[in-house]
Amino acid sequence: MRHAELAFTGPATFLKAPHRPLSELWTADVGLLGLPYDFAVGYRPGARFAPGALREASGRYAPGPEGYFDLETETYRLQGVRIVDAGDVDPVQLEYTETFHRITLAARALRKRVRLPVFVGGDHSVSYPILRAYDDLAELYVVQLDAHLDFSDSRNGTKYSNSSPFRRAAEEVPGLKHITTIGLRGLRTNPEAYGAAKARGHTPITASRVRENLPWVLDQLPRGKKVYLSFDADVLDPSILPGTSSPEVEGLSYAEAMAVVRRAIEQNKLVGFDFVELAPNLDSSGLSALVGARLLAEVLCEWASGANGFGLQPEP
């Protein structure tokens, strides 16, 4: 880790971790893989630029040898955790089948190298090929933080847009048992998608329920399961993170979102995490990328300090 450098000193890697492509032989506690693909968005593009922007912004949060000093507990977090930047999956422009194939292969390879695979999109369609890489698990539970269900059967004639990743995953990943989606809101909810998610037994929770009764929402999260966390940038209020394709007003606060992430990690075994739909080109201030980088660092801290995190062997 190059923690002693200034934040803007290159080359830019996630948290200034060493870059080790998947073509090399290595193991680590955490591996971060970029997925610069946004050909599946239905509104404003730009998420293809997120992995690069997050690498640059994360230089501000490069941990030292002791990790991060926590003011609340007066202890160090993320101490001794080995992090590797595994580079990017190179998408095949306009050929989603080949791009998704490459993502699935890379996700499988990353799972064999690390205890916690972290994937940075890209638009939310990439969660589908990532989840295909977990088809060996007998049971998998997804906790999705998102303003939108992303469970449509199709949108404008395509079944593989960023409106459908969890519908496709539910159809093709045999061990995917349940999806809990938190932060839903807006005027454009697809009633067919909502009905299909409810019929499958999934748990959709609105942003207003989070504001009204956060303890109740936390009680709806899985317990004692293998959980994949998917964090869509638009779950946050656009006043916090404006750089996203389809922002929705009245989103979650950063503290509310982190409360969900923290509880999901505390009471389950985290087997993967993705952060998607950041479009840094839509926020000239750079705030959105900084918030995303901070989020990634905090997720690693929560995982490393939890009883179900650091020290576990790679899955499966």
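The working numbering applies: residue 2 is where the sequence shown begins, and numbers increase by one. The beta carbon of each residue, even a glycine, is placed where N, CA and C say it ideally should be.
Taking the alpha carbon of R201 as the reference point, which residue from T181, T105 and R224 has its own alpha carbon closest? T181
Reference L79, options A63, S285, Y135 and A51, closest by Cα: A63
Rounding to the nearest angstrom, what Cα-Cα distance links V144 and F70 in this structure? 28 Å
Quick check: the segment 119-134 against the segment 172-181, are there 3 or more CB pairs under 8 Å? yes
Using the rule of at least 16 other Cβ atoms within 10 Å of the residue's Cβ for burial, across every protein chain shown, is F15 buried or exposed? buried
Can you check whether the CB of Y44 is closer than 7 Å to the CB of P1? Nothing can be reported for residue 1: it is not among the residues displayed for the chain, which extend from 2 to 317.
Let's test the definition: count the other Cβ atoms within 10 Å of the Cβ of R304 and tell me whether it reaches 16, buried, or not, exposed. What sits at residue 304 in the sequence shown is Trp, not Arg. Buried is the call here.
Under the assumption that A18 contacts S126 (Cβ atoms under 8 Å), give the Cβ distance between them as a whole number of angstroms. Their Cβ separation, rounded to whole angstroms, is 26 Å, which puts A18 and S126 out of contact at 8 Å.
For the segment 274-286 against the segment 200-216, are there 3 or more C-beta pairs whose distance is under 8 Å? no
In whole angstroms, what separates the C-alpha of L55 from that of S209? 29 Å
On the criterion of 16 or more Cβ atoms from any shown chain inside 10 Å, does K227 qualify as buried, or is it exposed? buried
Could you check the C-alpha separation between A194 and S128 for me, to the nearest Å? 17 Å
Is the separation between the beta-carbon of V121 and that of P52 shorter than 7 Å? yes
On the CB-based measure, 16 or more other CB atoms within 10 Å of its CB, does R114 come out buried or exposed? buried
Which parts of the segment 229-304 are runs of the beta strand (DSSP E), unbroken and 3 residues or longer, counting only runs that do not cross its ends? 270-277
How long is the line joining the alpha carbons of A256 and G187, rounded to whole angstroms? 21 Å
Which of the three DSSP states is assigned to L55 in this structure? helix
Cα separation between N191 and S153? 7 Å
Could you check how far apart the C-beta atoms of F274 and L117 are, in whole angstroms? I think they sit under 8 Å. 7 Å
May I ask you to check if the CB of T100 is nearer than 6 Å to at least one heavy atom of the ligand GDP? With respect to the ligand GDP, the structure shown offers nothing to examine, as it has no ligands at all.
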